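Asks: Got a structure here, written out as structure tokens. Questions coming.
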Amino acid sequence: MEKTELQVEIPSVLKQTSCQNINGFDCVDYGNGNNPIPLENAISDKESHGESTAGSNMTRLEQQDVIIISLPASPSGLHIGLGQTKLVQHSDRYNPGNPYPQLAKQKQFHSQPILVRENGDRKVVHSEAVRDRRFDPFKTWSGKLERQISNLRGKPTHEADIEAGVSEREEIEEAPGVDRYFDALEGPELDTLRATEVSVLPEDKKWPFLLRFPVNAFGICLGVSSQAILWKTLNTSPAMNFLHISPMPNLILWWAALALILFVSFVYLLKIVFYFEAVKREYHHPVRVNFFFAPWIACLFMALAVPPSIAVNLRPFIWYILMTPIFMLELKIYGQWMSGGQRRLSKVANPSNHLSIVGNFVGALLGANMGLKEGPIFFFAVGLAHYIVLFVTLYQRLPTNATLPKELHPVFFLFVAAPSVACMAWAKIQGDFDHAARIPYFIALFLYMSLAVRVNFFRGIRFSLAWWAYTFPMTGASIATIKYTMAVTNIVTRSLSVCLSAISTFTVSTLLVYTIIHAFILRDLFPNDISIAITRKKPKFSKMLAHFRSSSSDSKDLDSSISKNSEF
Amino acid sequence: MEKTELQVEIPSVLKQTSCQNINGFDCVDYGNGNNPIPLENAISDKESHGESTAGSNMTRLEQQDVIIISLPASPSGLHIGLGQTKLVQHSDRYNPGNPYPQLAKQKQFHSQPILVRENGDRKVVHSEAVRDRRFDPFKTWSGKLERQISNLRGKPTHEADIEAGVSEREEIEEAPGVDRYFDALEGPELDTLRATEVSVLPEDKKWPFLLRFPVNAFGICLGVSSQAILWKTLNTSPAMNFLHISPMPNLILWWAALALILFVSFVYLLKIVFYFEAVKREYHHPVRVNFFFAPWIACLFMALAVPPSIAVNLRPFIWYILMTPIFMLELKIYGQWMSGGQRRLSKVANPSNHLSIVGNFVGALLGANMGLKEGPIFFFAVGLAHYIVLFVTLYQRLPTNATLPKELHPVFFLFVAAPSVACMAWAKIQGDFDHAARIPYFIALFLYMSLAVRVNFFRGIRFSLAWWAYTFPMTGASIATIKYTMAVTNIVTRSLSVCLSAISTFTVSTLLVYTIIHAFILRDLFPNDISIAITRKKPKFSKMLAHFRSSSSDSKDLDSSISKNSEF
Amino acid sequence: MEKTELQVEIPSVLKQTSCQNINGFDCVDYGNGNNPIPLENAISDKESHGESTAGSNMTRLEQQDVIIISLPASPSGLHIGLGQTKLVQHSDRYNPGNPYPQLAKQKQFHSQPILVRENGDRKVVHSEAVRDRRFDPFKTWSGKLERQISNLRGKPTHEADIEAGVSEREEIEEAPGVDRYFDALEGPELDTLRATEVSVLPEDKKWPFLLRFPVNAFGICLGVSSQAILWKTLNTSPAMNFLHISPMPNLILWWAALALILFVSFVYLLKIVFYFEAVKREYHHPVRVNFFFAPWIACLFMALAVPPSIAVNLRPFIWYILMTPIFMLELKIYGQWMSGGQRRLSKVANPSNHLSIVGNFVGALLGANMGLKEGPIFFFAVGLAHYIVLFVTLYQRLPTNATLPKELHPVFFLFVAAPSVACMAWAKIQGDFDHAARIPYFIALFLYMSLAVRVNFFRGIRFSLAWWAYTFPMTGASIATIKYTMAVTNIVTRSLSVCLSAISTFTVSTLLVYTIIHAFILRDLFPNDISIAITRKKPKFSKMLAHFRSSSSDSKDLDSSISKNSEF
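Protein chains in written order, with my numbering: chain A, 1 to 568; chain U, 569 to 1136; chain S, 1137 to 1704.
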């Protein structure tokens, strides 16, 4: 009954909207947001991308019968949604003194670019040069600076409006709670927006590169640097002498990995500087947060892979420097698991948590390689305790673990990472590949086989940058197998070593080709990073409807998603 | 309100049905299903049990005013349930061209034999010689062959009907989802049908022996072969020399166990050949599937128990042969735990999962006994990892573990199995009953004591063949205690060895007596194996009602079960 | 709608009650309960505290217009709640033959003392000398004796009434189910009554000291005796020689701890003798039950801390004596975890469960110190198995663990206890602080740090006697660090030892000061122990309302608590 009413009433509004003003709807709106005539010309935009849209606005105002949707000035009206927006013909209520209403009310706006999609022949009318303020809330300084400028220019005419803007802005800056990530996103990496959700940032447009550059990119560094270790091990292991591997691959891979790490770190540093809000949202993302361990693990890998021609013995202080951020992150992350709240383990457990465990074992291995004694055991112990907890939790697949993918997914290869590194670390600590070291090694081997026989499950999954992070466990298992071959040298172990090394190198090469294709040919390696653009609160029904109406005409999906929502 | 209406309305239909035609209801129905006049005579049944029922049908048609329930021909009408079946007097719509409508629609039919129970003086009218096609869907070849015959004879007149039959048949052949097992069955071994459920196979009749022969029967082999190991250990352990045990018990038990294994394997092989559907359903049963490890574990036990007079050193290739199926099953089962879906661990965890773990340790023990090195550690490692997961999961008793019995149950003795075998395996791998071996041994001992002090909980539980599987952990603990006594020989450990061995032998003897009583005196050792006869889909309410009405007149049970169902 | 009606109707009754008779309400009621005129004088009370209240009753009856609430005599009417109590002026229905109606119906009564709180100028009219029978159900002999006396005097005139009384009495004596504790109490130690609950014992009055003396008090013994071990270790460890600690602190602390243990044990023994019901309720409390391990652990600590001047080597039989009750309790508690029912681990898991684990490791340490071999490994193994289960369960923070505090709480320091004692135990068993011993030590250290960096969370939490139990893990970590320093002696480990010892001593001193302040200045060290006074069944809505109305006038709380309740 209720549902029928909704479907009767709201569409009438939508119809009215769409038949009358779809073409102008979007642009004038942005014009409004971008301080239209005659104020626009007066603003000197600091970032220097913004140009006046007044001209184009005027043009269109003359060309056609445009309807401007003037958003209500009071903050209480900010969340009323689509059904209550007033349709005014040739409105002249421009709120000229408010320099960033668009910024403040940005959440309302994104429903509109979507709406207009209905109209097939829509053109992005405003020129490329127009500074798109929709990204401002994610920028580090934008708001503050603009506000200072605006205040200097003495234009806070509508005080209430500005206050509302500020509070709204603060609301946007506060990252969404972890529940929102689970509610708004889906997929094993929580990177797809659910049908009922709307994005804070425009979905129809390519975002600035930095906003699209995810922390997952450090996964590439993990993949390449672990390959460098593999080839170093193949080169230096007496048991693999029969392969006559030259030291060159290690050297090349190491330099390549170094370049990659420097590049990715530099770009991500820029993101931290210019879009701190986006970084914060990645840090609060229950899957992404684990990737913050990746840069440090990659550095540890680099230290392990350092070619003998560059350095034979590394100084222990490097170990202390690299382990400090890992230790800090662990105090934070493991503490969140235990101390409850939204980020407790039974809620956030997912295979990418292995990234936050594996650092301990890699650190223990490097430390033991350097001849340290207590430090490696410390990290080994911490890793072991938390690995047992995580292993049991993930194996149990508690119904509360919302992120655990229903089907197998490459992320499951992270299961192999911790035990394969742990066995090497223990072998190095103990000075012998003893029974205690073989136990994690064989666990890794079994998990590897268990996943390998299910490999056809992986077909048909969309390529993603995160896959790189799922290659290093395979490489780790290969290296562990070589170490094991050094302890038990026979034809079977040697064949296994060659096999696993080949698979790992083949996988990395394939991924490299895919990555190059996506980066340079398809040019979609960095799609809009929708995971960081979720709204802080559940969108209103009217928005969901609008979003839905615009994106598809299949009413069954909506019904199912609504009823699914109401189940919770 | 609604409930009252249901109790007013539906019974009226039932009353009509029952007062008019109860006697003929069943038989004519089967007559219908069994391709009645004049087609029946033409069919040459391959299994050669089937004889024409036409004669008896005719007789009865003359004798009384029979109502034939003609099932609707369209597939959409197949699930309409009892309330909508049409009551036609002297119907002549026999669908003569459909050779196996009964087979196809068998699910509808089982409600009827139950219904007729209401009528006290019902006789099974169709002669014993009549081939009961109700078991056909579980037979391996029946359907296909019959269909081929039917096709050869060119009688698929009602195409639609046949299509419906085929799709329905496929539906039956597809085993029920794991959720259905949890929904339809109850008890710690999931072997009792819930009040609201109906069985696919006739509940009022003894099924063919093979259908009643469960995979649990391999538990007997486990019990007897582990006793053979116990008596071998008592005979050969220097620490137990003071008992002066002769090698005879070991020899006798070993041959008995061998005979048992051969017999049980042969019978089960017959079941695989003739009732593959039933085997498939056992394999999909969340408790039963673990018993598929039992034959291989029993073989490992046989290899461990081999009397010194027969062989002193077994050849390692036996180990590889025996471990292969265990390894394959593990890849499958553990993969299901981890990879989610319906069979994830948090859903299916129950003590019988220990059977799927203990094979690793038994294998490791046998391998280490044979002098192998890496293989045993591999299985020990795999067993350890999964044992920790299972132990924690079972100890936690998550609310999602539907199968975990509320009360203690003999199945809990399986808790003792893994650690007691693990300690022996580790002691053999390490070559010494060291501290690491004592830890699992003492865990087993504590669990044993913990269960022993609760032994009175076990009283009053119905005897079941599965109990045999719960004796081998006691035997395992006895053997481990003897091994421990060899490491720590004093009066306490010797007494403990004697005590535990006595308890284990006493338990096995008692079970043997019980089994013989049930097998030869009560003749109910193999009751109808209702666990494999659940319907693929939840039965309709009308069927539940019919089932209920026929089986008891206590309306409170129904109400409670209905309301309980609606809670979920 | 419904809620509005409730708020309209019931208050009218309340208003009537409160405006007419608040002053006399309470006293006459108790007069009634205490067998009023003319029976009262005839009763000779065995405990000799009770004096006739008839005089005071008579006085008040003359003084003012008293309304006596006569409770219905039939048992069916016992639970009707407040709204149905009849208001009779100058009632003369005294049920003179019922010797303990108050005892039987005591559950009804507690709502009344609360009700009268509304009236600000209420005075406790009945003299201190009046024996308050409200505590009788918790007394060990009171009821039985009184009943015997009453029966001897031949006064069971109203048979039915007595029967009701007896059954009601049994109901009270039967401890509440574990679910009731979770439903009725809140807070990390489950020691605060929820807003919707009522207490069995009067909340407005100080209870007898024994009733207020909780088993938590043994926590003080744990804190002081562990300090004695610390100072013994500081004195005797060669690695800490540079501190020149005298043996005096150990000696003083040991004697102090001995005195404390004797005192606390004596008082608690009195409680067992005189208020067995209260002890039983503590034993059934899901958090408190773990404190029943505390006395035995404290004794183990005493044996470990014994000053060298008193004894150098303790006799092993002490170990066997002390471990027996721990072993028995473990069989009981761990069995409950595993065997399901209301006390399964996934339900009752909370950090105080560590108390039930740590005894194993302390026992293993003491046994190994005494030179025993197998016993310590046994307890180490049992402890390890259950520690892994508990550690994983607590770390996961399953949504079913109702008691786990949302925020961090001192109870979390118990996490540190088990691994820090375990490392010492293993080091002693193994005879060397080896890698296997370092793993638990480093886990303890990491957990310590993880909690220490969150220490500001602990501010603002109300002091409680239970905190003492949370100091011994810190002390344990200090001792473990000293042992570790003996294995790895350098400036860092020495500083860490000094640091942790200082923190632990400082914490204990601070707690001592707090305890003295609360005991002798604020005189609230032992507040009414509301955890043991919960009703066996959920209170009726009318009682909740009454309770609520009397304790606060904020109707939002009630609404929220009601709606929260209805959610379940």
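Where is the CB? At the ideal position from N, CA and C, for every residue including glycine. Remember, predicted model here, so these are calculated numbers, not experimental data.
Pick out whichever of S:1338, S:1561, S:1653, S:1606 has its Cα sitting closest to the Cα of residue 1619 of chain S.
Replies: Residue S:1561 is the option with its Cα nearest to residue 1619 of chain S.
Asks: Interface residues of chain S around residue 337 of chain A at Cβ under 9 Å?
Replies: In chain order: 1531, 1532, 1533.
Asks: Strictly under 8 Å for the Cβ-Cβ distance: is residue 389 of chain A near chain S by that measure?
Replies: At least one chain S Cβ lies under 8 Å of residue 389 of chain A.
Asks: With DSSP run on the structure shown, which of helix, strand or coil describes residue 1328 of chain S?
Replies: Note: residue 1328 of chain S maps to strand in three-state DSSP.
Asks: Could you tell me which chain U residues have their CB closer than 7 Å to the CB of residue 495 of chain A, listed as they occur along the chain?
Replies: Correct list: empty, because the minimum Cβ distance to chain U is about 14 Å.
Asks: Does the segment 422 to 437 of chain A come into contact with the segment 182 to 198 of chain A, if we say contact requires no fewer than three beta-carbon pairs (one atom in each stretch) closer than 8 Å?
Replies: As far as the Cβ criterion goes, the segment 422 to 437 of chain A does not touch the segment 182 to 198 of chain A, which means the pair count is below three.
Asks: Near residue 109 of chain A, which residues of its chain fall below 6 Å by C-beta distance, leaving aside the five closest residues on each side in sequence?
Replies: Its pLDDT being 38, under 50, residue 109 of chain A is placed unreliably by the model, and the measurement read from it follows with that caveat. Cβ within range, chain order: n/a, list empty.
Asks: Could you check if residue 235 of chain A is buried or exposed, using at least 16 other CB atoms within 10 Å of its CB as the buried criterion?
Replies: Residue 235 of chain A should be labelled buried.
Asks: Counting only the same chain and skipping the five closest in sequence on each side, list residues whose C-beta sits under 8 Å from that of residue 1346 of chain S.
Replies: Answer for residue 1346 of chain S: 1403, 1406, 1407, 1410, 1411, 1414, listed in chain order.
Asks: When you compare each of U:907, U:950, U:830, U:819 to residue 395 of chain A by their alpha carbons, which one comes out closest?
Replies: That would be U:907, whose Cα lies nearest to the Cα of residue 395 of chain A.
Asks: Would you kindly check if the distance between the Cβ of residue 1357 of chain S and the Cβ of residue 1393 of chain S is under 8 Å?
Replies: Yes, these two residues count as a Cβ contact at 8 Å.
Asks: Should residue 397 of chain A be labelled buried (16 or more other beta-carbon atoms within 10 Å of its own) or exposed?
Replies: That one is buried.
Asks: Judging by CA-CA distance, which residue of U:940, U:950, U:938 is the nearest neighbour of residue 929 of chain U?
Replies: That would be U:950, whose Cα lies nearest to the Cα of residue 929 of chain U.
Asks: Closer than 8 Å, CB to CB, is residue 950 of chain U near chain A or not?
Replies: Yes, contact with chain A.
Asks: Would you decide whether residue 1664 of chain S is buried or exposed? Buried here means 16 or more other CB atoms lie within 10 Å of its CB.
Replies: With 16 or more other Cβ atoms within 10 Å, it is buried.
Asks: Per DSSP, what kind of secondary structure is residue 185 of chain A in: helix, strand or coil?
Replies: In the structure shown, residue 185 of chain A sits in a strand (DSSP, three-state: E or B).
Asks: Name the chain U residues that come within less than 8 Å of residue 449 of chain A, Cβ to Cβ?
Replies: Chain U residues near residue 449 of chain A: 899.
Asks: Using a 10 Å radius around the Cβ and a threshold of 16 neighbouring Cβ atoms, would you call residue 1568 of chain S buried or exposed?
Replies: So residue 1568 of chain S ends up on the exposed side.
Asks: Any idea what DSSP makes of residue 1046 of chain U, helix, strand or coil?
Replies: Residue 1046 of chain U: helix per DSSP, three-state reduction.
Asks: For the ligand NAP, I want to know if residue 949 of chain U counts as a neighbour, meaning its beta carbon is within less than 7 Å of at least one of the ligand's heavy atoms.
Replies: Absence of the ligand NAP is noted for the structure shown, with no ligands found whatsoever.
Asks: For a contact defined as C-beta to C-beta under 7 Å, what are the partners of residue 1010 of chain U on chain S?
Replies: Near residue 1010 of chain U (Cβ distances below 7 Å), the residues of chain S are 1513, 1514, 1517, 1518.
Asks: Where does residue 90 of chain A sit, in a helix, a strand or coil, going by DSSP?
Replies: Any reading at residue 90 of chain A must be qualified, since the residue scores a pLDDT of 40, below 50, and its modelled position is unreliable; no value is offered.
Asks: If you measure from the beta carbon of residue 997 of chain U to each beta carbon in chain A, is any gap under 8 Å?
Replies: Yes, residue 997 of chain U counts as interfacial toward chain A.
Asks: Since residue 220 of chain A sits in a beta bridge, which residues does DSSP pair it with?
Replies: Beta-bridge pairing links residue 220 of chain A to no other residue.
Asks: Does the segment 1372 to 1380 of chain S come within contact of the segment 1616 to 1630 of chain S, defined as at least 3 CB pairs closer than 8 Å?
Replies: Cβ pair count under 8 Å is three or more, so yes.
Asks: Would residue 491 of chain A pass as an interface residue toward chain U - the criterion being a Cβ-Cβ separation below 8 Å?
Replies: False, the Cβ-Cβ gap to chain U never drops below 8 Å.
Asks: Which residues of chain S have a Cβ atom closer than 8 Å to the Cβ of residue 536 of chain A, listed in chain order?
Replies: Per Cβ cutoff of 8 Å: no residues; residue 536 of chain A is ~22 Å from chain S at best.
Asks: Going by beta carbon distance, what residues of the same chain come within less than 6 Å of residue 872 of chain U, once the five residues before and after it are set aside?
Replies: The residues are 797, 934.
Asks: Compute the Euclidean distance between the alpha carbons of residue 443 of chain A and residue 848 of chain U, then round it to the nearest angstrom.
Replies: Going by the C-alpha atoms only, they are around 30 Å apart.
Asks: Note down, in chain order, every chain A residue with its Cβ under 9 Å from the Cβ of residue 771 of chain U.
Replies: In chain order: nothing, as chain A lies at least about 34 Å away.
Asks: Cutting at 8 Å between CB atoms, please list the residues of its own chain near residue 948 of chain U, excluding the five before and the five after it.
Replies: Once the five neighbours on either side are set aside, the close Cβ partners of residue 948 of chain U are 928, 929, 932, 990, 993, 994, 997.
Asks: So, is the C-beta of residue 1085 of chain U closer than 8 Å to a C-beta in chain S?
Replies: Chain S, which has no Cβ nearer than 8 Å to the Cβ of residue 1085 of chain U, makes this no.
Asks: Quick check: what's the CA-CA separation for residue 192 of chain A versus residue 515 of chain A?
Replies: Between residue 192 of chain A and residue 515 of chain A, the C-alpha separation is close to 20 Å.
Asks: Please state if the CB of residue 1467 of chain S and the CB of residue 1426 of chain S are separated by a distance shorter than 8 Å.
Replies: Taking 8 Å as the Cβ cut-off, residue 1426 of chain S and residue 1467 of chain S do not qualify as a contacting pair.
Asks: Run down chain U in chain order and give the residues with a C-beta less than 8 Å from the C-beta of residue 453 of chain A.
Replies: What residue 453 of chain A touches in chain U: 899, 903.
Asks: Since residue 374 of chain A is in the alpha helix (DSSP H), which residue starts that stretch and which ends it?
Replies: Taken as a continuous stretch (DSSP letters only), the alpha helix (DSSP H) holding residue 374 of chain A covers 374 to 396.
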